[in-house]
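Chemist: Have a look at the structure that comes next, please.
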Amino acid sequence: MKDPRTLQDKFFLVIKGLFMGAANKVPGVSGGIVAFVGGFYEEFIYSLQKVNAKAFKLLISGRFKSFYRYTNGQFLSLLIFGMLVSYFSVSKILDYFLERKELYVWAAFFGMILGSIYYIAKDYGHWGKKTIPAGILGLIVGISISFLNPAKENDNLIFIFFCGIISVSGMTLPGLSGSFILILLGNYVLLLVDSVNALYDTFADILKWDFSFIHNTKRLNTLRILGVFTFGSAAGLVTLSHLLSYVLKHYKNLTTAVIIGFITGSLGVVWPWKRTLFKSDADGNLLLDTNNNPIITNYERYLPDMAKAESWWAIFFVIFGILILLSLDWYGKNRK
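If you're matching positions, the sequence shown starts at 99 in the numbering used here and goes up one per residue.
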């Protein structure tokens, strides 16, 4: 049987995985939006739904080709490969720019989400008595999440597993940022910064044939936390995909209305002009978590000062973000 995907399709699928991985790491941005706008959201959910009891029977019985075909293995493997590469490349670049040009990064993502709202809503012609309240409900929930206060860091393994299940929602639910949920749960730095860096450093040590890390108790504990988090994420992906597959099949118009409302409400999370608020003691000294990182309490949003050049540059990046989404729309319409 001839492979229906061309080499170009496979290449762009890896690129989409790169964008999904990067989006999942940035607080306020949802990897699910990338899947939705990229036109592969339903295939993504459908493929994850195929990771079920039948798939495991095929795997255990050694029928690997049947398992690969049944689970849409080519699609998932290319997409996941792109995500993995992203965590060790694109996300590192994002970290660099978030430290030095934070306003412009947030502005670009704000523009991309604005563009994604247009992209999703422009062809949606099912507003009515049921879908309008559903959209308003999504809007209210999205706005409410942006005003919640983060909890303290917690490295209890059961809680870490729960964090994995919750954080992966950003991949399966467009508009719900898994990384922002981790900030609210107090474990963003531990799970998406410290743990990823520990894994990166471990791979680097192994390539240099340096195994001294096996005596590093802190590194090993962080890797164990990452392992539990990954297992929780995998469990969350499979369970949520089954639920979403059912919902999309039976309530597609209602679900889309909720997604449009939710993404619109989530704009408050990625509003570019904001200051990060950190927890401090009575003397004004920053309080640190167990890994010596400042504890984030929330964000203070403000209006741009149009007398400053950086505000105009930020608006430029908002427009740039919108143009990226419009380009994807153009690509989808003109692709043969």
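All C-beta atoms, glycine included, are put in the ideal place defined by N, C-alpha and C.
Smallest Cα separation from Gly-366: which of Ser-425, Ser-275 and Leu-156?
Modeler: Ranking the options by Cα distance to Gly-366, first place goes to Ser-275.
Chemist: For the alpha helix (DSSP H) containing Thr-362, name the first residue and the last one.
Modeler: Run containing Thr-362: 350–363, per the alpha helix (DSSP H) assignment.
Chemist: Can you tell me the Cα-Cα spacing of Trp-411 and Ser-164, whole angstroms?
Modeler: Approximately 52 Å between the Cα atoms of the pair.
Chemist: With a threshold of 7 Å, establish whether the CB of Leu-156 neighbours any heavy atom of the ligand HEM.
Modeler: This structure simply doesn't include the ligand HEM, nor any ligand for that matter.
Chemist: With DSSP run on the structure shown, which of helix, strand or coil describes Arg-198?
Modeler: In this structure, Arg-198 counts as helix in the three-state DSSP scheme.
Chemist: Suppose the cutoff is 6 Å on Cβ atoms and the five residues either side in sequence are ignored; what does the same chain contact list for Gln-147 look like?
Modeler: Ser-339, His-340 and Ser-343.
Chemist: Report all residues from its chain with a CB closer than 6 Å to the CB of Leu-271; omit the five preceding and five following residues, and keep chain order.
Modeler: Cβ within range, chain order: Gly-130.
Chemist: Who are Arg-58's beta bridge partners in DSSP?
Modeler: The requested residue 58 is not part of the displayed model; the chain covers only 99 to 434.
Chemist: How big is the Cα-Cα spacing for Ile-358 and Asp-308?
Modeler: Whole-angstrom Cα-Cα distance: 50 Å.
Chemist: Between Phe-415 and Ala-206, how many whole angstroms is the CB-CB distance? I'm expecting something under 8 Å.
Modeler: Their Cβ separation, rounded to whole angstroms, is 4 Å, which keeps Phe-415 and Ala-206 in contact under 8 Å.
Chemist: Quick one: grab the DSSP three-state call for Leu-424.
Modeler: Correct three-state label for Leu-424: helix.
Chemist: Which same chain residues end up closer than 7 Å to Tyr-298 when comparing Cβ atoms and leaving out the 5 residues on each side of it in sequence?
Modeler: Counting only Cβ-Cβ distances below 7 Å, and skipping sequence neighbours, we find Phe-186.
Chemist: Can you name the start and end residues of the alpha helix (DSSP H) that Asn-150 belongs to?
Modeler: Where Asn-150 is concerned, there is no enclosing alpha helix (DSSP H), given that its DSSP letter is neither H nor E.
Chemist: Relative to the alpha-carbon of Phe-245, which residue among Glu-251, Tyr-216, Ile-361 and Leu-282 has its alpha-carbon at the smallest distance?
Modeler: It is Leu-282 whose Cα lies nearest to the Cα of Phe-245.
Chemist: What is the residue span of the alpha helix (DSSP H) that Tyr-298 lies within?
Modeler: Element bounds for Tyr-298: 293–305.
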